[in-house]
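K.L.:
Residue numbers (the working numbering): 1045 to 1267. Backbone N, C-alpha and C define an ideal beta-carbon position, used for all residues, glycine too. Bear in mind the structure is a predicted one, so any value in this text is a computation, not a measurement.
1) Alpha carbon to alpha carbon, how far is residue 1142 from residue 1235?
2) State whether the region 1163-1182 contacts the region 1113-1123, with contact taken as three or more CB pairs (one from each stretch) at a distance under 8 Å.
3) Ordered along the chain, which non-local residues of its own chain (more than five positions away) have a Cβ less than 8 Å from that of residue 1208?
4) Let me check understanding here. Comparing Cα to Cα, which of 1184, 1059, 1214 lies closest to residue 1228?
5) With C-beta atoms as the reference, is residue 1081 less than 8 Å away from residue 1103?
6) Is it right to say residue 1125 is buried, meaning 16 or more other beta carbons lie within 10 angstroms of its own, or is it exposed?
7) Which same chain residues end up closer than 6 Å to residue 1093 when comparing Cβ atoms and leaving out the 5 residues on each side of it in sequence?
8) How would you call residue 1139, buried or exposed, if buried means at least 16 neighbouring beta carbons within 10 angstroms?
9) Is the beta carbon of residue 1247 closer than 8 Å to that of residue 1058?
10) Assign residue 1244 to one of two classes, buried (16 or more other C-beta atoms within 10 Å of its C-beta) or exposed (fewer than that).
11) Indicate whether residue 1077 and residue 1083 have their beta-carbon atoms separated by less than 8 Å.
12) Going by DSSP in three states, residue 1073 sits in which element: helix, strand or coil?
13) Is the CB-CB distance between residue 1193 and residue 1132 below 8 Å?
14) What did DSSP end up calling residue 1272 once you bin it into helix, strand or coil?
15) Taking the alpha-carbon positions, what's the residue 1264 to residue 1074 distance?
16) Tell me whether the beta-carbon of residue 1054 lies closer than 8 Å to the beta-carbon of residue 1114.
17) Check whether the Cβ atoms of residue 1201 and residue 1212 lie closer than 8 Å to each other.
18) Between 1218, 1186, 1170, which lies nearest to residue 1160 when the distance is taken from Cα to Cα?
19) Using a threshold of 8 Å, state whether the C-beta atoms of residue 1239 and residue 1226 are closer than that.
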């Protein structure tokens, strides 16, 4: 039952975000919306590297028999998700007219640190039992990167009176709030892994806000 339900949920998620992203890229009338669309496509394709092997493993001979494939997928997803947040930062920067070079430098430094830490062999990505310590280390700059993006959208939306993205900061907060316990305790308490479901829903919310904003802009153009 878990295999069927989880696979259906993941498939629905991937199809939804990639479809919405493609629609935004194709229908965008401004650069910001097109960038948001590409970000959604990158999100879906990035998560697919981890979710597709996981679905295959669940529906065949179990996760333990596919540790290497799952680890490789997780490695690729980790890097692509870092890129996802860099793009989201640039959307906020463009939307709210931010021109703080130090902030942009910090975003890229944290992204580089995250990707650099992911490349260390000590992560043992292909192992069935990778070390928790490296899972924590590589997620420190990732969490800090997320915090900067949260601040950008929280302050930017409030100062600009941006109703379309007024909850973007909350969606990002929720995604990290559900993700961090999985990193820390999922190997010890497998049930904690269920938090990936609301985390995934938070990402869908992020994409939906961008999609809804595209339609708002089109309606305003028609008027």
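P.N.:
Answer, in terms of the structure:
1) Start at 1 with the first residue of the chain shown, and residue 1142 comes out as number 98. Start at 1 with the first residue of the chain shown, and residue 1235 comes out as number 191. The straight-line gap from Cα to Cα measures roughly 41 Å.
2) yes
3) As a position in the chain shown, residue 1208 is number 164, starting the count at 1. Here the set comprises 1253, 1256, 1257, 1260.
4) On the chain shown, residue 1228 is found 184 positions in, with the first residue counted as 1. Among 1184, 1059, 1214, the Cα nearest to that of residue 1228 belongs to 1184.
5) Here residue 1081 is taken as the residue at index 37 of the chain shown, counted from 1. Here residue 1103 is taken as the residue at index 59 of the chain shown, counted from 1. Cβ distance not < 8 Å, so residue 1081 and residue 1103 don't count as in contact.
6) Along the chain shown, read from residue 1 onward, the residue named residue 1125 stands at position 81. It counts as buried.
7) To locate residue 1093, count along the chain shown from 1; it is residue 49. Here the set comprises 1117, 1120, 1121.
8) Numbered from its first residue, the chain shown carries residue 1139 at position 95. So residue 1139 ends up on the buried side.
9) As a first step, residue 1058 must be located in the chain shown, where it is residue number 14. As a first step, residue 1247 must be located in the chain shown, where it is residue number 203. Going by C-beta atoms, residue 1058 is not nearer than 8 Å to residue 1247.
10) For the purposes of this step, residue 1244 is taken as the residue at position 200 of the chain shown. Residue 1244 comes out buried.
11) Position 33 of the chain shown, counting from 1, holds the residue named residue 1077. Position 39 of the chain shown, counting from 1, holds the residue named residue 1083. Cβ distance not < 8 Å, so residue 1077 and residue 1083 don't count as in contact.
12) What you label residue 1073 is simply residue 29 of the chain shown in a count that begins at 1. If DSSP states are grouped into helix, strand and coil, residue 1073 belongs with coil.
13) Numbered from its first residue, the chain shown carries residue 1193 at position 149. Numbered from its first residue, the chain shown carries residue 1132 at position 88. Yes. Within cutoff.
14) Summary: the structure shown does not reach residue 1272, with the chain confined to residues 1045 through 1267, and so no result is reported for it.
15) Looking up residue 1264 in the chain shown gives position 220. Looking up residue 1074 in the chain shown gives position 30. Each residue's Cα considered, the two are about 13 Å apart.
16) Sequence index remark: in the chain shown, residue 1054 carries index 10 (1-based). Sequence index remark: in the chain shown, residue 1114 carries index 70 (1-based). Going by C-beta atoms, residue 1054 is not nearer than 8 Å to residue 1114.
17) Counting from 1 along the chain shown, the entry for residue 1201 is found at position 157. Counting from 1 along the chain shown, the entry for residue 1212 is found at position 168. Yes.
18) Looking up residue 1160 in the chain shown gives position 116. Closest option to residue 1160, Cα to Cα, is 1186.
19) Here residue 1239 corresponds to residue number 195 of the chain shown, with the count starting at 1. Here residue 1226 corresponds to residue number 182 of the chain shown, with the count starting at 1. Yes, Cβ-Cβ distance for residue 1239 and residue 1226 is below 8 Å.
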